[in-house]
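**Q** Heads up, the sequence shown is in the working numbering, so the first residue is 257 and it goes up one at a time.
Beta carbons are placed, not taken as given, at the ideal position from N, Cα and C, and that holds for glycine.
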Amino acid sequence: MALERTGNGYLVDPSIWSEEIMFEMAKEDDIELTESMVTQIMAARDYFAENSSVPPIRTFAKVVGIDKKILFKEWLTGPMKPITKYGGMPQPTGCV
């Protein structure tokens, strides 16, 4: 499956997002999504649907009930960028 993605790896057309596409994107990036990661992605999608914005990391950590230090360790980077990328959401701006 050839996905049209931006230079930063986000979907050019987020409306095509599905769980299948989420896993395909991760595979293309050599990332193995754990059950916890998928749960976080789905929670971020719910938050985005309700608030029309990507949550800052502090807010997101509270939403999912996971210490932000654990989120950083699990994602090996700032967690909101891969969470939003694989979740078919817009790329966050600023400090997330």
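(1) Based on the DSSP output, what are the partners of Leu267 in its beta bridges?
(2) Where do the ends of the alpha helix (DSSP H) carrying Gln296 lie?
(3) Nearest CA to the CA of Phe304: which residue from Glu275, Leu327 and Ile339?
(4) How far does the alpha helix (DSSP H) with Leu327 in it reach, from first residue to last?
(5) Could you please give the first and the last residue of the uninterrupted alpha helix (DSSP H) stretch that includes Met278?
**A** In this structure, then:
(1) Under DSSP, Leu267 forms a beta bridge with Arg261.
(2) Glu291 to Asn307
(3) Ile339
(4) Lys324 to Trp331
(5) Glu275 to Glu284
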